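Student: So the protein lines, in turn, are chains A and B.
As numbered in our numbering, residues 1 to 667 make up the first sequence, in order.
As numbered in our numbering, residues 1001 to 1687 make up the second sequence, in order.
Cβ atoms here follow ideal geometry from the backbone N, Cα and C, with glycine treated the same way.
What you are looking at is a predicted structure, and each value in this text was computed from that prediction instead of being measured.
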Amino acid sequence: MALRARVFRRSISVPCLGVAVAGCMLFGRTAYAANSVPDWVKEAAQQTVPHYSESTKAVVLLNETVFTVAPDGRATTHVREAVKVLRPTGREEAVPIVYFDKDEKVLSMHVWSIGPDGHEYVVKDSEIAERGIGGMGGELYSDERYKIMDHPPGLDVGGIIAVEYEVRDRPYLAETTWDFQSSIPHLKESFTLILPEGFTHTTTWAHHRVDTGIDLEHQKWRWEMEHVAGVDLEQVPMSPPIASLSGRMTVHYAGPTLAEPQEGTWQGIGEWYSRLSRDRVASTPEIAAKATELTQGKSDFYAKTEAIGEFAQQQVRYFVIEMGIGGYQPHYAGDIYKGRYGDCKDKATLLSAMLSSVGVHSALLMVDTERGAIDPEAPSIYGNHMIAAIEIPKGYESPKLRSVVTAKTGKRYLIFDPTWERTPFGQLEDNLQGSYGVLMEGSDSQVIRLPVLAPELNTVRRSAIFALGSGGELTGTVTEKRFGDLSERRREVFAREDAKDQQRYMDRTVDRDFTSVKLTDLKVENVAALNKDLTTTYSIEAAHFASQAGSLLMVRPRVLGSYAMHVDRKERRVPIDLGSTRRESDEFEISLPDGYTVDELPDPVKLDLGFATYESSTVVAGQKLQYKRSLTLREVTLPADRYEDLQKLASVIDADEQSRAVLKKVK
Amino acid sequence: MIGTKKARQVVVCGGWMMVMGLIATAAAASDPWTKPTADELNMKEQAGYPGAPAVILNREEITRDDLHVMQHYERIKVLTEKGKEYANVELRFASSHGDGSYSGDDKNITDIAGRTVHPDGTIVPFTGKPYLKTFEKNSEYSYQARVFTLPDVEVGSIIEYRYATRIADNIYEAPDWFIQDRVFTRNAHFVWYPTTRELSSDDGTISAISWFPILPAGVSVKRTESPSSSHTGNGPQQTYEVLAKDVAPEPNEENMPPMANFTYRVLFYYTPYRTPQEFWKARGKAWSKRFDSFAGPDDHLRTATQTVTAGASTSDAKLQNIYAKVMSLENTDYTRSRGKSEDKAEGLGKLTNASDLLQRGRGDSNQMVELFVGMARAAGFKAYGMLVPDREHRLFTPGWLYFGQFDNMIAIVNVDGKDQYFDPGSRYCPYGQLGWQGTFVQGLRQTESGTDFSQTPGPSYGANKTMRIGDLTANAEGELKGTVTVTYTGEAALAWRQRALRGDEESLRHGLRTSMESMLPKTMEVKVETIEGVAEYDKPLVVKYNVHGTAGTKTSKRWILPADVFVAEESGRFPHEKRETPIYFHYPQAILDAVRIKYPATMSVEASPADAKVPFQNLGSYTLSAKSATNSITVQRSMLFNTVIVPQKDYGDLRTFYSQLESKDKDNIVLKAEAAPAAAAAAPAGN
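1) So B:N1088 contacts chain A; which residues on that side make the cut at Cβ distance below 7 Å?
2) Under 7 Å, CB to CB, which of the residues in the stretch 46-60 of chain A have a partner in chain B?
3) Tell me which same chain residues have a C-beta within less than 6 Å of the C-beta of A:V524, skipping the five on either side of it?
4) Short of 9 Å Cβ to Cβ, which residues in the stretch 1595-1618 of chain B face chain A?
5) Identify the contact partners of A:E497 in chain B, using a Cβ-Cβ distance below 9 Å as the criterion.
6) Hey, how far is the Cα of B:Q1660 from the Cα of B:V1614?
7) Determine which residues share a DSSP beta bridge with A:I114 and list them.
8) Are there 16 or more other CB atoms within 10 angstroms of the CB of B:Q1455, so buried, or fewer, so exposed?
9) Chain A beta carbons: is any one of them nearer than 8 Å to that of B:K1137?
10) Taking the beta strand (DSSP E) that B:H1548 falls in, what are its first and last residues?
11) Starting from the C-beta of B:Y1323, find all residues in its chain whose C-beta is less than 8 Å away, skip the five residues before and the five after it, and write them out in chain order.
12) My output table needs one value for A:G442: the three-state DSSP class, helix, strand or coil.
13) I need the DSSP call for B:N1366, collapsed to helix, strand or coil.
14) From B:D1169 to B:G1385, what does the alpha carbon distance come to, in whole angstroms?
15) Given a limit of 9 Å on CB to CB distance, which residues of the stretch 328-339 of chain A reach chain B?
16) Indicate the three-state DSSP secondary structure (helix, strand or coil) for A:Y643 in the structure shown.
17) Can you tell me whether B:G1458 is helix, strand or coil according to DSSP?
18) For B:N1668, does the three-state DSSP call read helix, strand or coil?
19) Let me know the beta strand (DSSP E) ranges lying completely inside the stretch 1371-1455 of chain B, each 3 residues or longer, listed in chain order.
20) Counting only the same chain and skipping the five closest in sequence on each side, list residues whose C-beta sits under 8 Å from that of B:D1390.
21) Which of the three DSSP states, helix, strand or coil, is assigned to B:S1220?
22) Can you find the residues in the same chain that come closer than 6 Å, C-beta to C-beta, to A:K518, ignoring five residues on each side of it along the sequence?
23) Would you report the Cα separation of B:E1525 and B:E1517, rounded to the nearest angstrom?
24) Between which two residues does the beta strand (DSSP E) containing A:H252 stretch?
25) Whose C-beta lies closer than 7 Å to the C-beta of A:A363 among residues of the same chain, with five residues either side of it excluded?
26) Among A:H110, A:K570, A:P451 and A:Y253, which residue has its Cα nearest to the Cα of A:T204?
27) So if I threshold CB-CB distances at 8 Å, which residues from the stretch 144-167 of chain A count as touching chain B?
28) Which one or two residues does DSSP pair with B:M1467 in a beta bridge?
29) Using three-state DSSP, classify B:M1043 as helix, strand or coil.
30) Name the residues in the stretch 1507-1533 of chain B whose C-beta lies less than 8 Å from a C-beta of chain A; which are they?
31) When the cut-off is 8 Å and only beta carbons count, does A:R131 lie next to chain B?
32) Is A:Q502 close to chain B? Criterion is C-beta to C-beta, closer than 8 Å.
33) For my contact list, A:S443 and A:E224 are in at a C-beta cut-off of 8 Å; report their separation, rounded to the angstrom.
34) Does DSSP classify A:I133 as helix, strand or coil?
35) Nearest by alpha-carbon distance to A:E589: which of A:Y396, A:L646 and A:R462 is it?
36) Could you tell me which chain A residues have their CB closer than 9 Å to the CB of B:P1151, listed as they occur along the chain?
What follows is the structure, given as structure tokens:
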């Protein structure tokens, strides 16, 4: 993830176009009161706060955003916001923060507060600190910063913190977004748009019905909302990202003085980005030479693209440097190749340049790592990651091309993310599946839905042969074959950690299912061969596996591995994110100790819910116990009303995982 | 942190920039890089450390005080993909803008140069521009970093870079040499040329250089002296040097004691003190004076104390009243501190002493200790303050002349001729106990004649008790239903109480519920019914839950239940066979379980766990027993552990102890359906 990071500002508008515009007439005289709390704060504080659930931490009493574009196309955002703290953990919701970067400027920021006892406070501007954002996700340098008032007075339950600020927006895109919904409720809010004569605008709405707003005449429009519910996902298991649920409005505008006017279409977004990146994806002789070297002797489309794709994926170090428009615009492909490092858009850009050198066309594809964040109905630059769409020649077919999308133009693309270092070429990592992306193809730019891959492309297969001793001890050998995203973590461990940490990781893995266990003879194959099964084999010696109770020996046929899902028992109101499609299977054989006979076996299980299937069986063959099970998940998301089915699935799996075969001592 | 470390002197020295410039030019003229050997180019692994991500081939740091510069050189061999991360370099520094508490840190990073050498010997120079990354900027200081990445790094590359840390002209700072890293170091070389000038610090005129060394066997600090300074022409030039080879990586294990203070290092000081004893005596005296100045007592505090202790008939009762008073105040470390404007709004004046604090009704942890000591003194007790480290993060080392080693204050009160230890700064800590972070540690205490080192006591397992009682009923459908009562005392209660202080009842309930859910089988639903004693630090914290759901496995003939539902889901504590460091625990404790399961008359116990008793040396013990009665079975489990550290040599014994108890914890109760009487068997089932 290294497209201009979307900072999670609870209620601060996302940046947009422009430079300073003095004052803001809509608010009338700008009341940066030096010595008293302004009237708008006092009025906001007078509102009656409805009864919210006990988990509601804070409430936005008021948010007024005014976005003003000057005749020269420069824009400013002016915000007034008041937040009331409802619980001690809600303090952080009320801390005033204003984000900016090299191309933005905080023109003013003032903070006031009213304590729970009614005392009014005016915060000195000198108490506002400035900090940088850094160190997230491989980021070495970003110019993104924020101004913050960490400890405003009155920051207690019942206290109200208010901020008024003005930001000169980024100059390179005629777009701004109003995030009118967040994790806490909003009582009253508005967004006002002020455009100069000759300018036009459009709005798009994500996760919310379209609202035309109020035309205030003279190029002013206003949207108002009241009692917007919070999207509180803190205690919701398997929850989708908040960005896939919370409402937002994006305004695009156009005018004679704008270099990059926007009309609110995916095509417009794509054309803007294509212009921004066009010269960056140009190949160089060095790039062409490397691409030729990598594809030498390969005539097949897949073979050629795989060689180049894996180079961009494996040989270019992920490393983020973002400055100003560099949050969106990639570096030059030649520079990326030379340094062999870059962020997501750099890696996708180099891949594109290399492919073009060998006659393969590709386009950049903007996505979001949070599934569902990009709403196909709401064109905008809302996205935090860049990957590649590689055009597949007409008529070319191969079973190795798994993540394929057909665009409205009829062209087929293989979707590939060179930043995801452990996803096989031809596939797409799970968190992007089922989401939308913006194909940056000049005038053919469009939003496309990313495929959901078949469960067979994301697998774990365990097989093992064990011998059970009469004292409950267990020995045996285990083979685990993993493919796709389910192999990612383990490939990561075996590719990056030292021998000691690899052993520790595996110790911890088997420790979940055994006590007093010793894992030896650890062998791993195909760590770097992403299109082959990652195969792990090891031996197990568990001193206490089956538990003895009198003449009985209780054995868990599901010896190791778990498919457990964390679900709760609350009413479900939001969709379910299953993470990934997958197929997991286990086959274990346990030789039983002499002198014991099987008295009882767990019942077989078969559950088919459409989106998932679970099967399990335990049988006896001679003096051996044979256990088989499999889980198939076919969807990545489910509507809320399928939660009961998911609870049932989780419960069946839990019960089966705990089930015991009862052995009895032969008299 | 308390205290400041570095000595500094304000010196105006106009000519030094020119000298510095000459040195830089001279350095640039010669090749600053090391020619790699064939062995270095070809190496794939560091012997003894298979899979290690990288090896530091060379680390060099040369400090020239009179030039106000530290020159750094790093040369690293990348061995794995992970090792490529060493190519991303972030060099942090702080610079102050005023005379505030940060004025001792006024640095900049300059002269960055680097290159990448490929295994075939190809050299790729770093030609990029380091970026200036800002972490924090305010009216007092800036905290920033120069960041850059070395080009074209691949597995097998050698990355090299140099840079200089420039220190403000008026500051002299003795260096800290950290010799051990996360990876193996082949060659480490550190040199310091202290200033030849006369320095003074806040503590007086600098008379000596001292150092605190922790070094590998055979490595020492080499001190030499030349007749006169080549740079300044002043007095004799001292030189300090350490040369270390083949330094093992820092230890890194789970449940490890705080090692951060004990990796290989040499920490130097400019000091006005001739011995460590002198340092601690003088600095302790200054701290003690400040402490007494705040604690008092003054007349107001005496009067208030009289009110608080009125009616108490014994010394201990008086002190308990004082402790209760302090505990009733708002400790702002658990809520939030207020600024001057809020104090003013509330009509509060300047906070100068404990008496003011009492009047305000709130203060931070250290101020609460000072208030407690002041009130105890007012009540006629001999009472003292003591500085302790937080042993979660560090231990106190007297050889390291750094007052900032201490994190917290505690109180010592002599009650009826015996020193007792109290932790009034840790809100809701039981009377007469310390928060675990301050137990079993050495610190610095006030005495009648000044200050001295002292050891804090710690509790035995009996003081930190968690008692879990399950009263469950099994029905014929395979469900368990009933109540669980958990009684926490000591540390176990303190953690929940302080969590409640930071949050509210909702967050406490959520925490308690999820904690119980994580213990019980996943299929059981948990509801917190009542919480008693959250604010009553002298009583146990009692939480009652209602629980229900399925547990264990039902077969056609049997119901196999976990013997102790509270531990059946636990994973192994010590899964690794090998251990390099001692094993560290937060506090001694006792965990006592009793679970009674009542079952239908149509069932009987077919099997239950055999009684077990497992000792661990004389430091711990585990017992499990099951007792049957009519239509019920009760399992009792106890786990007592009475130490906070186990030496590495005893790891095997400890692991065996845990393995045995964890195995026993997986035992089952087997309930069997009674054979139905013939007439009943013929009757239609259910409905």
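Tutor: With the structure as the only source:
1) L140 and F319
2) E54 and S55
3) Result list for A:V524: F494 and T536, in chain order.
4) Here the close residues are E1606, A1607, S1608, P1609 and A1610.
5) G1051, P1053, T1080 and K1082
6) 7 Å
7) A:E120 and A:I160
8) Classification of B:Q1455: exposed, given that the 10 Å Cβ count is below 16.
9) Chain A, which has a Cβ nearer than 8 Å to the Cβ of B:K1137, makes this yes.
10) L1541 to T1550
11) F1372, F1422, P1424 and Y1431
12) helix
13) helix
14) 39 Å
15) K338 and G339
16) helix
17) Note: B:G1458 maps to coil in three-state DSSP.
18) strand
19) 1382-1388, 1408-1415, 1418-1422, 1442-1447 and 1450-1455
20) D1407, N1408, Q1437 and G1438
21) Coil.
22) E541
23) Going by the C-alpha atoms only, they are around 7 Å apart.
24) Run containing A:H252: R248 to A254, per the beta strand (DSSP E) assignment.
25) A389, L439, M440 and E441
26) A:Y253
27) R145, H151, P153, G154, L155, D156 and V157
28) B:T1487 and B:L1592
29) coil
30) S1507, H1510, P1521, K1522, T1523 and E1525
31) yes
32) yes
33) Rounded, the Cβ-Cβ distance is 37 Å, inconsistent with contact.
34) Judged by DSSP in its simplified three-state form, A:I133 adopts coil rather than helix or strand.
35) A:R462
36) K338, G339, R340 and Y341
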